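Enquirer:
Residue numbers (our numbering): 2 to 177.
1. Cβ of residue 112 within 9 Å of Cβ of residue 59?
2. Check each candidate in 126, 121 and 157 and name the one with the smallest Cα separation from residue 110.
3. For the structure I just gave you, are there three or more beta carbon pairs, one from the segment 117-129 and one from the segment 59-74, closer than 8 Å?
4. Mark residue 90 as exposed unless 16 or more other C-beta atoms lie within 10 angstroms of its C-beta, in which case mark it buried.
5. What number of angstroms, rounded off, separates the C-alpha of residue 67 from the C-alpha of residue 38?
6. Taking just the CA atoms, how far does residue 44 sit from residue 95?
7. To the nearest angstrom, report how far apart residue 23 and residue 133 are at their CA atoms.
8. For residue 102, collect the residues of the same chain with a Cβ closer than 7 Å to its Cβ; drop the 5 residues on either side in sequence, then sort them by chain order.
9. Please check the pair residue 191 and residue 121, which I expect to be a contact at CB under 8 Å, by giving their CB distance rounded to whole angstroms.
10. Just curious, the alpha helix (DSSP H) that residue 38 is in, first and last residue?
11. Among the candidates 135, 35, 17 and 20, whose CA atom is the shortest distance from the CA of residue 106?
12. Where does residue 117 fall in DSSP's three states?
13. Taking the alpha-carbon of residue 142 as reference, which of 69, 30 and 56 has the nearest alpha-carbon?
14. According to DSSP, simplified to helix, strand and coil, what is residue 161?
15. Spatial neighbours of residue 17 within its chain, please: CB distance less than 7 Å, with the 5 preceding and 5 following residues excluded, ordered by chain position.
16. With DSSP collapsed to three states, give me the class of residue 73.
17. Are the CB atoms of residue 119 and residue 146 nearer to each other than 9 Å?
18. Can you give the Cα-Cα distance for residue 29 and residue 51, rounded to whole angstroms?
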């Protein structure tokens, strides 16, 4: 490589960003649709917050892709905790006291699968990359998706009255 020449753009890395961005847009579109169709107010609010997080993820990935194309490398990026992670207990407390219909449960189950797929995608890609900054970014995104997953799981547990709330048994038959 001569002086002043930039390293070639790795098409696989660009394609990886495109795939991740498409994953986030799919989640965004679905969460907006679920928010419109859900009658339960806490479910509606949760889907709006999740849609906002998906948009934030898309914009982050877009920025990372653009910087990679321009500079052919990654720099460290701070991926802040999502609003969902900061509001998780508040949303769960509200949702615990409200009723929902089966259509809401269907939406939650689809959302759960979306978050599981996103988390697995980011974890898988973090294991494949050799770039420590990209690895760190994907691991943080996987953690955020896991927070979304737990939020949705808590809402499902509340609706189905599974006996659990945020993975904690609501009651026990054992005596102390």
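Ideal Cβ placement from N, Cα and C applies to all residues, glycine included. This one's a predicted model, so the numbers in the text were calculated from it and none came from an experiment.
Expert: In brief:
1. To locate residue 112, count along the chain shown from 1; it is residue 111. To locate residue 59, count along the chain shown from 1; it is residue 58. No, Cβ-Cβ distance for residue 112 and residue 59 is not below 9 Å.
2. The residue you call residue 110 lines up with position 109 of the chain shown. It is 157.
3. no
4. Here residue 90 is taken as the residue at index 89 of the chain shown, counted from 1. Low per-residue confidence applies at residue 90: pLDDT is 43, beneath 50, and the placement is therefore not dependable, though the value from the model is reported in the following sentence. Under the 10 Å beta carbon count, residue 90 is surrounded by fewer than 16 other beta carbons and is classified as exposed.
5. The count along the chain shown starts at 1 and reaches residue 67 at position 66. The count along the chain shown starts at 1 and reaches residue 38 at position 37. Looking at the two C-alpha atoms, the distance is approximately 35 Å.
6. Against the chain shown, residue 95 aligns to sequence position 94. Against the chain shown, residue 44 aligns to sequence position 43. Any answer about residue 95 is weak, because its pLDDT of 42 lies below 50 and its placement is not dependable; what the coordinates show is given next. Distance between the alpha carbons of residue 95 and residue 44: 10 Å.
7. Residue mapping note: residue 23 aligns to position 22 of the chain shown, counting from 1. Residue mapping note: residue 133 aligns to position 132 of the chain shown, counting from 1. Their Cα atoms are separated by approximately 23 Å.
8. Within the chain shown, residue 102 is the residue found at index 101, counting from 1. Because residue 102 carries a pLDDT of 40, less than 50, the predicted location of this residue cannot be relied on, and the following value inherits that uncertainty. The answer, listed in chain order, is 40.
9. Nothing about residue 191 can be read from this structure; the chain reaches only from 2 to 177.
10. Within the chain shown, residue 38 is the residue found at index 37, counting from 1. Its alpha helix (DSSP H) spans residues 12-38.
11. Within the chain shown, numbered from 1, the residue matching residue 106 stands at position 105. For residue 106, the nearest C-alpha among the options comes from 35.
12. Taking the first residue of the chain shown as position 1, residue 117 is located at position 116. Three-state DSSP puts residue 117 in a helix.
13. Sequence index remark: in the chain shown, residue 142 carries index 141 (1-based). For the residues 69, 30 and 56, the minimum Cα distance to residue 142 belongs to 56.
14. In the chain shown, residue 161 corresponds to position 160, counting from 1. In the structure shown, residue 161 sits in a helix (DSSP, three-state: H, G or I).
15. Counting from 1 along the chain shown, the entry for residue 17 is found at position 16. So the list reads 126, once near-sequence residues are dropped.
16. The residue labelled residue 73 in the question sits at position 72 within the chain shown. Here residue 73 sits in coil by DSSP.
17. As a position in the chain shown, residue 119 is number 118, starting the count at 1. As a position in the chain shown, residue 146 is number 145, starting the count at 1. When the beta-carbon positions are compared, residue 119 and residue 146 come within less than 9 Å of each other.
18. Within the chain shown, residue 29 is the residue found at index 28, counting from 1. Within the chain shown, residue 51 is the residue found at index 50, counting from 1. C-alpha separation (whole angstroms): 8 Å.
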